[in-house]
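Chemist: Before I ask anything, let me first share the structure, which is written out below as structure tokens.
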Amino acid sequence: MNPVLSIFLRKELRDLRGNPQVLPGYLILPLMAVVIPTIMLAFMPFDPTAAAAVDPDIVALFRLASRDPSLAVFPERERMFRLLVREFVSFFLLMPVILASMSAGLAIAAEKQQRTLEPILATPLSDRDLLLAKLLASLVPAVVVTWGAVLLSVIATAIVTDVRLGAAFWPTPAVLVTILILAPLAGAAAALLGIRVSVKAADIQAAVQASGLWVIPAGILLIAVVGRPAARSLPIAFGAVVLVGAIVWWLFRINLRKFEREEILTRWV
Amino acid sequence: MVSARGLTREFGARTAVEDVTFDLEPGQLCALLGPNGAGKTTTVRMLLGLIGPSRGTATVAGVEVPNDQARLAALRGRVGLLTETPGFYDRLSALENLTLFGRLYGMEGATLAARIAEYLDRLGLAGRGDDLVATYSKGMKQRLALIRAIFHHPDVIFFDEPTSGLDPESARDVRALIRSLKQAGRTIIVCTHNLAEASELADVIAVIKRKLLAFGPPAALAHDGTGPRLRVVVAGDGAGAVRLLRGAGLVVESAADRAASPATGPSGDAAAVATSSGTGPSGAAALDVTVADLADTPAVVATLVNGGVPVLEVRPIRASLEEIYLKAVGADG
């Protein structure tokens, strides 16, 4: 890795350890993404009649599972479980988007606030390296945490489904492509949007709020339109990777073109 | 080493810096003085290539500004910057902060470690390198920022209020460090409001208030652009002395007249002499004599003595930096 990028990455990781604005998200989101689906799979009733006794709304989910043509090949009692597992993939698509955008929202704004930006900009560091460093520093921890959560979730799902259904569920190739490639790319897109917001923001509060306002809804939209279909079909998953990859490349170019040291230095009070 | 030609910077309709031109040689220290908002930081940022000039050019450490990013990156590797507020990553230690910046300046491994250890020791921070910067006092952060500005051995260094927040002893040490950098041939620009510090350190004074109002060695600025002046105190009413000196082609004013004329910018010293002498009770007159060179002093004395005028005192008039500054800034309105 480029030494400059590795320096920044290490700096951001050390900085992250004690950052009260970002750290809770890195702990709570993965926990939710692993624990909630596992509990649901562990206690999900096997049929609609039993489900109606627990929560009538779950019956609607059973109906959805029984009508989904892609699940028709599976035994009746597995369909609801497979539907849940498939839908939980969205958790892992959303996680890097939220985590990366949170870190990226602070990327430049925090440098401005702690007055480190001008000394950084006064070094030989190029705009491209600075942007790339900020992108990776926002993205890598988010992806590492997401993949860790995915690993735990896959193991937990396999154990629970094996115990309850006698058949361990493992991720399909489409799900693997979606989680391992598409999710980091979606996170990169969110990070680049967050960095752009951070560059323009007048202070940290504005950066965090604007990131939440623009980046997270954009991420959810991306997942709804691209992520969920991708998790069901390998060709769609690869198509989505190409599409989101192109968006990431375009956002990086835009960020680089719009990264004006002068504007950043003179806008900050 | 630093050369500015017509540097101008506009922000919309507001002109922050206008037509600034000056030259600094290697080993020269320039004190950049001016009121808040006068354009000092904007000038420094233009010289660093951090912001582009609206008009004009500059050459810093052999690199012309503005220029392409690659050349500007090379320039930034050869300059050091101490910003007004020392910004550091509070959750990292001083060593980690300096290591980060050292690597950004292209230093690595043993060289970087040795450089950091050397400067932590010189700035009195040895033994505190592993502490988080968040635990540092303002003065310690300022010293750490000084290290960051110089530890890559830049050719040109920009200091913004280098002794701000330091106790007198630390401030003295920092001034000694700056002097040693100057002696090592570094070109230094110090933005400061501390006139005593500027007076002590500077080879060249630049007074800026949007435009460059004054630029030159302190001694030259003290002469109003007319040449050095002598304060000559003679016995009697001074009329004979004035006649003799004007006969020799010299410009002579009574100290009392200069004191009464703000436009000519008297020194506080001159006013004091004028009130205590003039044709007053002591029977002495104080005269300000403009000469081409201070080396002409013996000739002035000889003219008076040969003409039979008793000379009681002769000394060069040196305006204080405060007078130079206030005069320059005041003249600009």
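The listed protein sequences correspond, in order, to chains A and B.
So that you can map any letter, position 103 of the first sequence is 103 in the working numbering, and since no number is skipped, the others follow by simple counting.
In the working numbering, each residue carries its 1-based index in the second sequence increased by 1000.
Heads up, the beta-carbon is just placed ideally off N, CA and C, and yes, glycines get one too.
Three-state secondary structure (DSSP) at threonine 1297 of chain B?
Modeler: Residue state, collapsed to three classes: helix.
Chemist: According to DSSP, simplified to helix, strand and coil, what is aspartate 1288 of chain B?
Modeler: DSSP places aspartate 1288 of chain B in strand when its eight states are reduced to three.
Chemist: Verify the CB distance criterion: does alanine 1070 of chain B have a CB-CB separation below 9 Å to chain A?
Modeler: Chain A contact via Cβ: present.
Chemist: Using a Cβ-Cβ cut-off of 6 Å (strictly less than) and excluding sequence neighbours within five positions of valine 1242 of chain B, which residues of its own chain qualify?
Modeler: Contacts found: Val1252.
Chemist: Using the Cα positions of alanine 246 of chain A and proline 184 of chain A, report the straight-line distance between them to the nearest angstrom.
Modeler: Approximately 13 Å between the Cα atoms of the pair.
Chemist: Quick one: what's got a C-beta closer than 7 Å to glycine 1283 of chain B's C-beta in the same chain, skipping five residues either side?
Modeler: Cβ neighbours of glycine 1283 of chain B beyond the five flanking positions: Ala1235, Gly1236.
Chemist: Are the region 44 to 58 of chain A and the region 6 to 21 of chain A touching by the rule of at least three beta carbon pairs closer than 8 Å?
Modeler: The region 44 to 58 of chain A, when compared against the region 6 to 21 of chain A, does not touch it at the 8 Å Cβ threshold.
Chemist: State the beta-bridge partners of serine 1254 of chain B as determined by DSSP.
Modeler: Answer is B:Leu1287, bridged to serine 1254 of chain B.
Chemist: Between which two residues does the beta strand (DSSP E) holding glutamate 1313 of chain B run?
Modeler: Taken as a continuous stretch (DSSP letters only), the beta strand (DSSP E) holding glutamate 1313 of chain B covers 1311 to 1316.
Chemist: Can you tell me whether arginine 261 of chain A is buried or exposed, with buried defined as 16 or more other CB within 10 angstroms of its CB?
Modeler: It is buried - the Cβ of arginine 261 of chain A has at least 16 other Cβ atoms within 10 Å.
Chemist: Please look up how many angstroms separate the CB atoms of proline 37 of chain A and leucine 84 of chain A, rounded, as I've assumed it's under 8 Å.
Modeler: Yes, they are in contact, since the Cβ atoms of proline 37 of chain A and leucine 84 of chain A sit about 7 Å apart, within 8 Å.
Chemist: Using a C-beta cutoff of 9 Å, does leucine 125 of chain A count as contacting chain B?
Modeler: True, the Cβ-Cβ gap to chain B drops below 9 Å.
Chemist: Note down, in chain order, each residue of its chain lying with its Cβ closer than 8 Å to the Cβ of threonine 1008 of chain B, except the 5 sequence neighbours on either side.
Modeler: So the list reads Thr1015, Val1017, Glu1018, Asp1019, Val1020, Pro1053, Ser1054, Arg1055, Gly1056, once near-sequence residues are dropped.
Chemist: Which residues does DSSP pair with alanine 1235 of chain B in a beta bridge?
Modeler: According to DSSP, alanine 1235 of chain B bridges with B:Ala1284.
Chemist: Can you list the residues of chain A that alanine 1202 of chain B reaches, using a CB-CB cut of under 9 Å?
Modeler: Result: empty, since nearest Cβ-Cβ is about 23 Å, beyond 9 Å.
Chemist: Among B:Pro1217, B:Asp1296, B:Ala1286, B:Gly1247, which one has its Cα closest to the Cα of tyrosine 1325 of chain B?
Modeler: Nearest option by C-alpha distance: B:Pro1217.
Chemist: Between the alpha carbons of serine 1093 of chain B and alanine 190 of chain A, how many angstroms are there, rounded?
Modeler: About 30 Å.
Chemist: Among A:Asn255, A:Leu165, A:Ile223, which one has its Cα closest to the Cα of glutamate 87 of chain A?
Modeler: It is A:Ile223.
Chemist: So within the region 1071 to 1144 of chain B, which uninterrupted alpha helix (DSSP H) runs reach at least 4 residues, ignoring any that extend past its ends?
Modeler: Listed in chain order, they are 1094 to 1104, 1109 to 1122.
Chemist: Between proline 1086 of chain B and chain A, is there a C-beta pair that is closer than 9 Å?
Modeler: With 9 Å as the cut-off, proline 1086 of chain B counts as an interface residue toward chain A.
Chemist: Grab me the residues of isoleucine 1322 of chain B's own chain with a C-beta within less than 8 Å of its C-beta, minus the 5 sequence neighbours each way, in chain order.
Modeler: First, the residue type needs correcting, since residue 1322 of chain B is glutamate and not isoleucine in the sequence shown. Taken in chain order, the residues that qualify are Leu1195.
Chemist: CA-CA distance, proline 1298 of chain B and glycine 1249 of chain B?
Modeler: Using only the alpha carbons, I get a separation of about 15 Å.
Chemist: Straight-line CA distance for isoleucine 114 of chain A to aspartate 1160 of chain B?
Modeler: Checking the sequence shown, residue 114 of chain A turns out to be glutamine, not isoleucine. Each residue's Cα considered, the two are about 17 Å apart.
Chemist: Within the 9 Å Cβ cut-off, does threonine 1083 of chain B reach chain A?
Modeler: With 9 Å as the cut-off, threonine 1083 of chain B counts as an interface residue toward chain A.
Chemist: At a CB distance below 8 Å, what residues from the region 135 to 169 of chain A approach chain B? Give them in sequence order.
Modeler: If the cut-off is 8 Å between Cβ atoms, the region 135 to 169 of chain A has nothing near chain B.
Chemist: Strictly below 9 Å CB to CB, what residues from chain A border arginine 1076 of chain B?
Modeler: Here the neighbours are Leu121, Ala122, Thr123, Pro124, Leu125.
Chemist: Once the 5 residues before and after methionine 80 of chain A are set aside, which same chain residues still bring their CB inside 6 Å of it?
Modeler: For methionine 80 of chain A, where only same-chain residues beyond five positions count, the Cβ hits under 6 Å are Phe62, Ala65.
Chemist: Are the C-beta of threonine 1279 of chain B and some C-beta of chain A separated by less than 9 Å?
Modeler: Bear in mind that a pLDDT of 46 at threonine 1279 of chain B, under 50, signals an unreliable position, so the model cannot answer this.
Chemist: Using beta carbons (cut-off 9 Å, strictly below), is isoleucine 7 of chain A in contact with chain B?
Modeler: Answer yes: the Cβ-Cβ gap between isoleucine 7 of chain A and chain B drops below 9 Å somewhere.
Chemist: Alpha carbon to alpha carbon, how far is alanine 1239 of chain B from leucine 1033 of chain B?
Modeler: C-alpha separation (whole angstroms): 41 Å.
Chemist: Could you tell me which chain A residues have their CB closer than 9 Å to the CB of alanine 1094 of chain B, listed as they occur along the chain?
Modeler: Within 9 Å Cβ-Cβ: nothing; alanine 1094 of chain B doesn't reach chain A, min ~13 Å.
Chemist: According to DSSP, simplified to helix, strand and coil, what is lysine 11 of chain A?
Modeler: Helix at lysine 11 of chain A.
Chemist: Applying the 10 Å Cβ sphere with the 16-neighbour rule, what's the burial state of isoleucine 1317 of chain B?
Modeler: By the neighbour-count rule (16 or more Cβ atoms within 10 Å), isoleucine 1317 of chain B is buried.
Chemist: So phenylalanine 1151 of chain B contacts chain A; which residues on that side make the cut at Cβ distance below 7 Å?
Modeler: Per Cβ cutoff of 7 Å: no residues; phenylalanine 1151 of chain B is ~12 Å from chain A at best.
Chemist: Just to check my reading of the structure: glycine 187 of chain A and valine 73 of chain A have Cβ atoms closer than 8 Å, yes? What is that Cβ distance to the nearest angstrom?
Modeler: Not a contact, Cβ separation roughly 32 Å.
Chemist: Cβ of lysine 11 of chain A less than 9 Å from any chain B Cβ?
Modeler: Yes, lysine 11 of chain A lies at the interface with chain B (some Cβ there is under 9 Å from its Cβ).
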